[in-house]
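Asker: In our numbering, the protein residues as written are 32 to 522. Cβ atoms here follow ideal geometry from the backbone N, Cα and C, with glycine treated the same way. Please read all numbers here as calculations on a predicted model, not as lab measurements. Quick one: this structure, given as structure tokens, is what I'll be asking you about.
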């Protein structure tokens, strides 16, 4: 038995083992949170070992259960899965550190349930990342929806419950109505659900059927928040900020766009995708979503609501990139999973820090806040640059590749859409830190005391902001990993 391949099992089970410890020490917060941190660091080390083995050419796969002949619950390490696994395992301990400062500083109830559900969500993410086939991916995609529901409704208020109903209703509804039927039809047509280079559909598959399946998959994977199935995302903003960070950067939306990339690249294949007429309509629908979500974001005064619509727009970039059906577009989309994760999690960390330290959630009330929270607002500024795609931050590289793909495919309108969206990003993100540091006539006279968020939260948001800058100067590991998506031996 390959002991290195067994690390796939360990990666999925480590968060589950952490759940046992979290529940066992529910009355001892320090031990409970230490278990979460240790599990997070351990998981990151496991994923780094898998990354090293993969780079050395090892084929790493595990089969858990044979459901039907040719239909297995099985896992395999590939470049795209490693990217997702590394991003999630890096951000889990950082988010846990942030949550310690936020949950205690905000005196949140049910913290044990929060940490336990968070760990289960990370286990589901690991299983999604390394799923060898569409069946395995679907099972854990649904587990992720279910285990994050208690996190969305964490507050227990009527508003939280309503948000949770919208969240679960849309995600489960689209899965049952679109995603599951698409998987069944794919199984009947192709005879397999295994992810394969070049796709799995026979050459004689009717274009009309492929068009139907493409529409079902794109709308069925609602975690990618393609309009009009995006409302669950702003509805979920009733959750505590660490949950929002989980939804937007670590797990849920990234599971959505990751699944979409896996399906379009390894179930359809780029050559097949180029031949499907409906892909152009979906491409421009995603492009319209990029701009519309940005325009809606500009109208939001609540900071978390603005960031939620910003996420919908940024997910559209990833969808556009993969629907362009060229390698540069897929590489840009894959890179954007990582760069957007770092930028957006920093922004949500900052939003939560502002709420804990100054009890402000409306952007209009944050004028001059830079004097009392200079570290938080500096981190917000850096993360904003990354989301916009400006040097010296990580978002520059993913947007570079996405724009390259639009040029390569002669989609100049979509190139204009991405540029327009970046300008809108400037309009709805940069004024927040700029007005915080340069309030003008609204400045408060006299000295202002520094009052930042708790140290744990501050360390977390500084770490992710620093990562945004470091990934700009050292992008090679990320670039080399996404370059292997199309290499031989990658499923």
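Beta-carbon within less than 7 Å of residue 117's beta-carbon, same chain only, minus the 5 sequence neighbours each way: which residues are those?
Answerer: Contacts found: 78 and 82.
Asker: Check residue 520 in the structure and name its three-state DSSP category.
Answerer: Residue confidence for residue 520 is low, a pLDDT of 48 falling below 50, so the modelled location carries little weight; the figure read from the coordinates is stated next. Coil at residue 520, not helix or strand.
Asker: How big is the Cα-Cα spacing for residue 520 and residue 88?
Answerer: Low confidence applies here, because residue 520 scores a pLDDT of 48, under 50, leaving its location unreliable and the question unanswered by this model.
Asker: Within the continuous beta strand (DSSP E) that includes residue 511, where are the two ends?
Answerer: No beta strand (DSSP E) holds residue 511; the alpha helix (DSSP H) holding it covers 507-514.
Asker: How about residue 383 and residue 198: do their beta carbons lie closer than 9 Å?
Answerer: In this structure, residue 383 sits away from residue 198, with a CB-CB distance that is not shorter than 9 Å.
Asker: Contact defined as beta carbons within less than 8 Å: I believe residue 434 pairs with residue 356. What is the distance between those atoms, to the nearest angstrom?
Answerer: Between residue 356 and residue 434 the Cβ distance is about 16 Å, and since that is not below 8 Å, they are no contact.
Asker: Who are residue 99's beta bridge partners in DSSP?
Answerer: 102
Asker: Helix or strand or just coil, what does DSSP make of residue 12?
Answerer: No information on residue 12 is available, as it lies outside the stretch 32 to 522 that the chain covers here.
Asker: Do residue 109 and residue 516 have their CB atoms nearer than 9 Å?
Answerer: yes
Asker: Please list the terminal residues of the continuous alpha helix (DSSP H) segment that includes residue 366.
Answerer: 358-389
Asker: Starting from residue 206 and walking both ways along the alpha helix (DSSP H), at which residues does that stretch end?
Answerer: Here residue 206 belongs to no alpha helix (DSSP H), and DSSP marks it neither H nor E.
Asker: By Cβ distance below 8 Å, which residues in the same chain neighbour residue 522 in space, the five residues on each side in sequence not counted?
Answerer: For residue 522, the predicted model reports a pLDDT of 48, less than 50, meaning its position is unreliable; a value from the coordinates is still stated below. The residues are 107, 109, 163, 225, 226, 227, 228 and 297.
Asker: Is it a yes or a no for the region 115-129 touching the region 487-507, going by three-plus beta-carbon pairs under 8 Å?
Answerer: yes
Asker: Do the region 263-275 and the region 230-246 meet, that is, are 3 or more Cβ pairs less than 8 Å apart?
Answerer: no
Asker: Give the straight-line distance between the Cα atoms of residue 317 and residue 272, rounded to the nearest whole angstrom.
Answerer: 27 Å
Asker: At a cut of 8 Å, does the region 381-398 reach the region 346-361 through at least three beta carbon pairs?
Answerer: no
Asker: Can you have a look at residue 252 and say buried or exposed, based on whether 16 or more other CB atoms are within 10 angstroms of its CB?
Answerer: buried
Asker: If you count every other CB in all the chains shown that lies within 10 Å of the CB of residue 345, and 16 or more means buried, which is it?
Answerer: Here residue 345 is buried, its C-beta having at least 16 other C-beta atoms within 10 Å.
Asker: Count the CB pairs spanning the region 272-282 and the region 141-160 that are closer than 8 Å, and state whether there are at least three.
Answerer: yes
Asker: Roughly how many angstroms lie between the CA atoms of residue 426 and residue 458, to the nearest whole one?
Answerer: 17 Å
Asker: Pull up the distance between the alpha-carbon of residue 270 and that of residue 375, whole angstroms please.
Answerer: 16 Å
Asker: Quick one: grab the DSSP three-state call for residue 483.
Answerer: In this structure, DSSP gives residue 483 a state outside helix and strand, which the three-state scheme calls coil.
Asker: Got a sec, what are the start and stop residues for the alpha helix (DSSP H) residue 89 sits in?
Answerer: Residue 89 -> no alpha helix (DSSP H), and no H or E assigned at all.
Asker: If you reduce the DSSP assignment to three classes, tell me which class residue 186 lands in.
Answerer: coil
Asker: Taking the alpha carbon of residue 182 as the reference point, which residue from 147, 491 and 171 has its own alpha carbon closest?
Answerer: 147
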